[in-house]
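The block underneath contains the structure these notes are about, expressed in structure tokens.
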């Protein structure tokens, strides 16, 4: 599960099912986390999640979609437009979209395009890993960025599209990235998401209090809820 890549499909039902089937057959390393033909539903989902690969029907693009794409250009996610017009696709690429597929989608074109997307994603991951060399990470701020040791992070707390990072020196940094982004990059450093709002560094866990989901007490004396859904995985992780 750790090595799985995550995809999101925003397309009409027939094309969406075709893409889903091709992805499952040709690229089993992908999980399809979300699929819809509604840009409104997609907007709500993508405001909280950053899939590795996004398939988007160009005919569904409106002002909401443009806002989504502007956010994705700042993330490591890869976007593939689905279109029946090569002219529209080329214009999209000029604006920063990774690639496109023409309808009707041919198997060979699909495989080549997704392989290219995977290579781009790997390059992005290398860039992220370079930022965490020697167990350090860059936290973007309004003034620039703050470079901290990962083991100095006690916990991360979601606040809409922002994340608050609580550090061992009792400082707090607000970062314009979702908690999901930090979860992906910090899980290998013994961080665990105990709740939709809380990602904690298990090295800074002081105490667990029993309950329906229970609560944890961290080294900064913060008391955080553990969601019922995450309780069993959390207890297995710290066993």
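Numbering (this note's numbering), first residue to last: 445 to 683. Idealized CB from N, CA, C, for every residue including glycine. Fair warning: this is a prediction, and the values are worked out from it, not measured in the lab.
| Nearest-angstrom Cβ-Cβ length linking residue 650 and residue 661, presumed shorter than 8 Å | Along the chain shown, read from residue 1 onward, the residue named residue 650 stands at position 206. Along the chain shown, read from residue 1 onward, the residue named residue 661 stands at position 217. So it is a contact: roughly 5 Å between Cβ atoms.
| request: Leaving aside the five residues before and after residue 475 along the sequence, list all residues of the same chain whose C-beta is less than 6 Å from its C-beta, in chain order. | output: Residue mapping note: residue 475 aligns to position 31 of the chain shown, counting from 1. Closer than 6 Å at the Cβ level, and outside the excluded window around residue 475, lie 448, 450.
| Residue range of the beta strand (DSSP E) that includes residue 602 | Stepping through the chain shown from its first residue, residue 602 is reached at position 158. Residues 597-603.
| request: With a 10 Å radius around its C-beta and 16 neighbouring C-beta atoms as the bar for buried, classify residue 619 as buried or exposed. | output: Against the chain shown, residue 619 aligns to sequence position 175. Its Cβ being crowded by 16 or more others within 10 Å, residue 619 is buried.
| said: Measuring straight from C-alpha to C-alpha, what distance separates residue 496 and residue 524? | reply: Position 52 of the chain shown, counted from the first residue, corresponds to residue 496. Position 80 of the chain shown, counted from the first residue, corresponds to residue 524. Cα-Cα distance, rounded: 11 Å.
| query | Is it buried or exposed for residue 631, if we count other Cβ within 10 angstroms and need 16 for buried? | reply | As a position in the chain shown, residue 631 is number 187, starting the count at 1. That one is exposed.
| query | What's the call for residue 667, buried or exposed, on a 16-neighbour Cβ count within 10 Å? | reply | The sequence position of residue 667 within the chain shown is 223, counting from 1. Classification of residue 667: exposed, given that the 10 Å Cβ count is below 16.
| message | Measuring only the C-alpha atoms, how far is residue 544 from residue 560? | response | The sequence position of residue 544 within the chain shown is 100, counting from 1. The sequence position of residue 560 within the chain shown is 116, counting from 1. Spanning the two alpha carbons is a distance of roughly 11 Å.
| message | For residue 466 and residue 584, what's the separation of their Cα atoms in angstroms? | response | Within the chain shown, residue 466 is the residue found at index 22, counting from 1. Within the chain shown, residue 584 is the residue found at index 140, counting from 1. Spanning the two alpha carbons is a distance of roughly 37 Å.
| request: Could you tell me whether the segment 672-683 touches the segment 602-616, where touching means 3 or more Cβ pairs closer than 8 Å? | output: Two segments are said to touch when three or more pairs of C-beta atoms, one from each, lie closer than 8 Å; by this definition the segment 672-683 does not touch the segment 602-616.
| query | In the structure shown, what three-state DSSP assignment does residue 674 receive? | reply | Taking the first residue of the chain shown as 1, we reach residue 674 at position 230. Helix at residue 674.
| Cβ neighbour criterion (16 or more within 10 Å) applied to residue 587 | Here residue 587 corresponds to residue number 143 of the chain shown, with the count starting at 1. Of the other Cβ atoms in all chains shown, fewer than 16 fall within 10 Å of the Cβ of residue 587; this residue is therefore exposed.
| request: Could you check what DSSP says for residue 551 in three-state terms: helix, strand or coil? | output: Walking along the chain shown from the start, residue 551 turns up at place 107. Correct three-state label for residue 551: helix.
| field | Contacting residues, own chain, Cβ-Cβ under 6 Å from residue 627 (five flanking each side not counted) | value | As a first step, residue 627 must be located in the chain shown, where it is residue number 183. Same-chain partners within the cutoff: 637, 643.
| Can you give the Cα-Cα distance for residue 623 and residue 641, rounded to whole angstroms? | Along the chain shown, one-based indexing puts residue 623 at 179. Along the chain shown, one-based indexing puts residue 641 at 197. Spanning the two alpha carbons is a distance of roughly 8 Å.
| request: Pull up the DSSP beta-bridge partners for residue 611, would you. | output: Within the chain shown, the letter at position 167 stands for residue 611. The partner list for residue 611 (beta bridge, DSSP) reads 597.
| Contact under 9 Å by Cβ, residue 551 with residue 473 | Working through the chain shown from its first residue, we reach residue 551 at position 107. Working through the chain shown from its first residue, we reach residue 473 at position 29. Against a cut-off of 9 Å, the Cβ pair of residue 473 and residue 551 comes out as no contact.
| query | Nearest to residue 522 by CA position, among 549, 452, 655, is which residue? | reply | What you label residue 522 is simply residue 78 of the chain shown in a count that begins at 1. Comparing Cα-Cα distances from residue 522 to each of 549, 452, 655, the minimum goes to 452.
| field | Cα-Cα separation between residue 455 and residue 486, rounded to whole angstroms | value | Within the chain shown, the letter at position 11 stands for residue 455. Within the chain shown, the letter at position 42 stands for residue 486. Computed Cα separation, rounded: 10 Å.
| field | Alpha-carbon to alpha-carbon, residue 663 and residue 597 | value | Counted from its first residue, the chain shown places residue 597 at position 153. Counted from its first residue, the chain shown places residue 663 at position 219. The straight-line gap from Cα to Cα measures roughly 11 Å.
| Residues bridged to residue 683 by DSSP? | Within the chain shown, numbered from 1, the residue matching residue 683 stands at position 239. Residue pairing for residue 683: DSSP places it in no beta bridge.
| field | CA nearest to the CA of residue 594, picked from 582, 621, 491 | value | Counting from 1 along the chain shown, the entry for residue 594 is found at position 150. Residue 582 holds the alpha-carbon nearest to the alpha-carbon of residue 594 among 582, 621, 491.
| said: DSSP three-state label for residue 461, please. | reply: Reading the chain shown from its first residue, position 17 is the one you call residue 461. Shown here, residue 461 sits in a helix according to DSSP, grouped into three states.
| Proximity to residue 633 [Cα-Cα], best of 646, 601, 553 | Residue 633 sits at position 189 when you count from the first residue of the chain shown. It is 646.
| task | May I have the straight-line CA-CA distance separating residue 599 from residue 609, to the nearest angstrom? | result | As a first step, residue 599 must be located in the chain shown, where it is residue number 155. As a first step, residue 609 must be located in the chain shown, where it is residue number 165. Going by the C-alpha atoms only, they are around 6 Å apart.
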